[in-house]
Amino acid sequence: MAKKKKNEKANNQLDEKLMNKSLAGIDNFGIPEEEEEIVDVDPMATLAEKKRKELRDRADKLRKESNTIEPIIFTESGGVKKASELTLDEQDDEIVRCASNPIYFIETYLTIFDQTQGDGGMIVPFKMFEFQKDLVRSYMQNKFNIANKYRQAGISTTTCAYLAWYTMFSENRTVAIVANKLQTARDELMRDVVEFINNCPKFLRITAIHKDTAAHKIYNNNSQIGAFSSKGLRGYTPTLIFWDETAWTEKGDVFWAGTRPSLQTGGRCIMVSTPNGLDAVFYKTFYGATQKKNNFNSIELWWYNDPRYAKGLEWIKNKGNEDEIRLSDTGFDKEKRQQLITDGWEPSSLWFETQVADYNGDMRKVAQELLCSFLGSGDNFVSEEVLKRVEENDKLVPIKQEWSDKNMWIWEEPLLGEDYLIAGDVSSGYSDDSSVATILKVKEVVEEKIIIKNNIPKKMKVRRRTLEQVAEYMGKVTPQEFAEIIYYYGKRYNMAYCAVDISGGYGIGTIEKLKEFGYENIHYSEMTNKPLKDRLSSFIKTVTKQISPSEYRTIDMLPGFTISSNRGMVLQEMERAIRMGDAIIRSVRLLNEFKTFVREEGSRVADHKRSFHDDAIMAIAIGIYVGSYDMKRLNGSPEKTKKMIDAMMSIRSDEVIVENHETGDDEIQKMKKSKLI
Numbered sequence: 003m004a005k006k007k008k009n010e011k012a013n014n015q016l017d018e019k020l021m022n023k024s025l026a027g028i029d030n031f032g033i034p035e036e037e038e039e040i041v042d043v044d045p046m047a048t049l050a051e052k053k054r055k056e057l058r059d060r061a062d063k064l065r066k067e068s069n070t071i072e073p074i075i076f077t078e079s080g081g082v083k084k085a086s087e088l089t090l091d092e093q094d095d096e097i098v099r100c101a102s103n104p105i106y107f108i109e110t111y112l113t114i115f116d117q118t119q120g121d122g123g124m125i126v127p128f129k130m131f132e133f134q135k136d137l138v139r140s141y142m143q144n145k146f147n148i149a150n151k152y153r154q155a156g157i158s159t160t161t162c163a164y165l166a167w168y169t170m171f172s173e174n175r176t177v178a179i180v181a182n183k184l185q186t187a188r189d190e191l192m193r194d195v196v197e198f199i200n201n202c203p204k205f206l207r208i209t210a211i212h213k214d215t216a217a218h219k220i221y222n223n224n225s226q227i228g229a230f231s232s233k234g235l236r237g238y239t240p241t242l243i244f245w246d247e248t249a250w251t252e253k254g255d256v257f258w259a260g261t262r263p264s265l266q267t268g269g270r271c272i273m274v275s276t277p278n279g280l281d282a283v284f285y286k287t288f289y290g291a292t293q294k295k296n297n298f299n300s301i302e303l304w305w306y307n308d309p310r311y312a313k314g315l316e317w318i319k320n321k322g323n324e325d326e327i328r329l330s331d332t333g334f335d336k337e338k339r340q341q342l343i344t345d346g347w348e349p350s351s352l353w354f355e356t357q358v359a360d361y362n363g364d365m366r367k368v369a370q371e372l373l374c375s376f377l378g379s380g381d382n383f384v385s386e387e388v389l390k391r392v393e394e395n396d397k398l399v400p401i402k403q404e405w406s407d408k409n410m411w412i413w414e415e416p417l418l419g420e421d422y423l424i425a426g427d428v429s430s431g432y433s434d435d436s437s438v439a440t441i442l443k444v445k446e447v448v449e450e451k452i453i454i455k456n457n458i459p460k461k462m463k464v465r466r467r468t469l470e471q472v473a474e475y476m477g478k479v480t481p482q483e484f485a486e487i488i489y490y491y492g493k494r495y496n497m498a499y500c501a502v503d504i505s506g507g508y509g510i511g512t513i514e515k516l517k518e519f520g521y522e523n524i525h526y527s528e529m530t531n532k533p534l535k536d537r538l539s540s541f542i543k544t545v546t547k548q549i550s551p552s553e554y555r556t557i558d559m560l561p562g563f564t565i566s567s568n569r570g571m572v573l574q575e576m577e578r579a580i581r582m583g584d585a586i587i588r589s590v591r592l593l594n595e596f597k598t599f600v601r602e603e604g605s606r607v608a609d610h611k612r613s614f615h616d617d618a619i620m621a622i623a624i625g626i627y628v629g630s631y632d633m634k635r636l637n638g639s640p641e642k643t644k645k646m647i648d649a650m651m652s653i654r655s656d657e658v659i660v661e662n663h664e665t666g667d668d669e670i671q672k673m674k675k676s677k678l679i
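Taking this note's numbering, the leading residue of the sequence shown gets 3, the next gets one more, and so forth.
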């Protein structure tokens, strides 16, 4: 065995010389020692980073001051020895045991800094909790893993320990450690991996060779580790990527689009993060994994399964109400706890309540840091509670799917005597965006409410409009074909009042085609935009508008709606109507867009996140606004001039004026013959 060891050592030295020669002149894969840093604007993040640095410095000091904790080994022969006392044969046995069992390797040979022990913390053996062992098993069993975690779970450290094992006991491996900032990837994560390797006994340890830097290390088994920010891997082809805090990575979708192809030839990937709303990479990938729509294995980690934080754990139902119920957790297993969550119980412990207090009761922070909630952790324009209500109570599977592409979803057939509105958001038909037409059934509801005025309660009748989604088209069609869809379904739904957005210009083609078909029940708007007026000059209607009791002004009205000039008001009315239950949503396509539609900081306006869309949102927003305001003003103002009535026609079916539909009817027959409908 001693001779075998000498031969292996000689071969390793030869391999090292050959590798050094072959690597001569390589520019360290372009990995920079320094790069422009992303500055944290969140004071909580800055404080957390400062705290981590203090703990890391404390750990370094303890490692220098104290003697190394020597592993105790139970040998194959049944003996108990320190690692330094093992024979060469016993060392070989340990190498085999460690190579085949990462959990054994981590718990036997690795140490961590535990700030809860001793006076200011101690260096202790890395004894993992069961959920951390499960995590390592998942890494072993699946090539692609994504973990949704709470803060302070110890998952990044566990993953670094796994990376140390992966690098030490596999030849020709290339590990890429990615974080939002190079400093985090290099000075925290990669540093942990390197320290785990360096603190192992000499007979296990691999040695860094050639161009050894803080951001890139190549070892004598031809495996290497590199630290990167989200700016890219710069020609570095990894066999395993560890992407820490994926959801918080700036332009993460751009990084992932450029990096993912490098894993298609056998690579592995680990994504670990707390949620940050419904982002374009972490949320999309995690949700896809839970639905079995990608090749990632999803891992959910909950604070109440962590023994450090579950002391005094109890479950609360109807929290804060008179019928509040509390149940002590007497060591329930994971399945029992998950069932309690499903049944509406909330977990609580002293640690959890302290954390909530530290966040000043900011439930958005609590959602992202502790509850692993995607919706609650983002700045959604329509709140999580409202979206949850819509998903549970209003969303329906369509009873029919029509048109040639089956993208017209229908939840209710038209009813005789009902009023309908069809609103459209138009795209070119060739871009990533879709054209969307949503059909709403409009009803006027009269309710009795008690209004307090001058401290005197009075009963009053209040009128409001409800708008229920009964159909929706979403597809990539030209503006002209989109007009065919609106024309056919507009006629089918009792000559629905039609509002088409013309802000981007594509809607003009739709309006022109609708006019060609003879569809006249179209919404008109006051417009001063010269390009739009020039394009639609043949359809301008001039009306007289009363400015004051004695003043009138002539204005031009154009067919169509311009959301660009009213975006704030339109979106606010949409949010109000959905929140108050005045607008009822049926479409899961629309609901999914709302999950990635976020409020712009310090503004009433919202927009979709990167790599997502808001086409269905814009269509229903136009429909809700027109149905709540413009049509409401018309129906409630009989004194308006006949010109205004001609320009902005009432949705009421007994008031609709339609001229010359022969052309349109011919078009419908053509559609039927071509099996479009």
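Beta carbons: idealized from backbone N, C-alpha and C, even for Gly.
- Taking the C-beta atoms as reference points, N150 is found no nearer than 7 Å to E252.
- Listed as beta-bridge partners of R339 by DSSP are no residues whatsoever.
- Taking every protein chain shown into account, the CB of G419 has fewer than 16 other CB atoms within 10 angstroms, so this residue is exposed.
- If you ignore the 5 residues before and after H615, its C-beta comes within less than 8 Å of the C-beta of D434, D435, S436 and E595, all in its own chain and listed in chain order.
- Two segments are said to touch when three or more pairs of C-beta atoms, one from each, lie closer than 8 Å; by this definition the segment 570–587 touches the segment 462–469.
- Put simply, of G492, P459 and Y289 the residue whose alpha carbon is nearest the alpha carbon of A439 is G492.
- The DSSP-derived three-state label of K543 is strand.
- Cβ contact annotation for F284 (same chain, cutoff 6 Å, sequence separation greater than five): T248, A249 and S275, in chain order.
- In this structure, the straight-line span from the alpha carbon of F146 to that of A579 is close to 42 Å.
- F599 is classed as buried because its beta carbon has at least 16 other beta carbons within 10 Å across all chains shown.
- Looking at the DSSP output, L423 sits in a beta bridge with L442 and Y499.
- Secondary structure of L352 (DSSP, three-state): helix.
- For Q471, no alpha helix (DSSP H) segment is defined; the enclosing uninterrupted segment is the beta strand (DSSP E) at I458 to G477.
- DSSP, reduced to helix, strand and coil, places L592 within a helical segment of the structure shown.
- Pairing S172 with G268, the inter-Cα distance amounts to about 15 Å.
- For W245, the enclosing beta strand (DSSP E) has its first and last residue at L242 to D246.
- With a cutoff of 7 Å on beta-carbon distance, K390 and G431 are scored as not near each other.
- Here Q403 is bridged, per DSSP, to W411.
- With contacts defined as CB atoms closer than 7 Å, N223 and I211 fail to qualify as a contacting pair.
- Note on geometry: alpha-carbon atoms of V358 and W411 lie some 43 Å from one another.
- For F115, the uninterrupted beta strand (DSSP E) segment begins and ends at T113 to D116.
- Within its own chain, the residues whose Cβ lies closer than 6 Å to the Cβ of N174, once the five positions on either side in sequence are excluded, are N224, listed in chain order.
- Between the alpha carbons of V384 and I619 lies a gap of roughly 11 Å.
- Here T344 is exposed. Its C-beta has fewer than 16 other C-beta atoms within 10 Å.
- With the rule of 3 Cβ pairs closer than 8 Å, the segment 98–116 counts as touching the segment 195–214.
- A contact is defined here as three or more CB-CB pairs under 8 Å, and the segment 422–431 meets this definition with respect to the segment 505–525.
- In this structure the segment 452–459 does not touch the segment 533–551; the number of beta carbon pairs closer than 8 Å is below three.
- Spanning the alpha carbons of G81 and E92 requires a straight line of approximately 11 Å.
- Per the C-alpha coordinates, the member of E394, P416 and E96 positioned closest to T77 is E96.
- Residue pairing by DSSP places Y526 opposite P561 in a beta bridge.
- Beta-bridge pairing by DSSP links V126 to I114.
- Collapsing the DSSP output to three states places I587 in coil.
- In chain order, K145 and L242 place their CB closer than 6 Å to the CB of R270, counting only its own chain and leaving out the 5 sequence neighbours on each side.
- Cα atoms of A163 and I108: separation of roughly 7 Å, rounded to the nearest angstrom.
- DSSP lists I148 and W245 as the bridge partner or partners of M273.
- Proximity of the segment 258–267 to the segment 288–308 falls short of the contact definition, fewer than three beta-carbon pairs being nearer than 8 Å.
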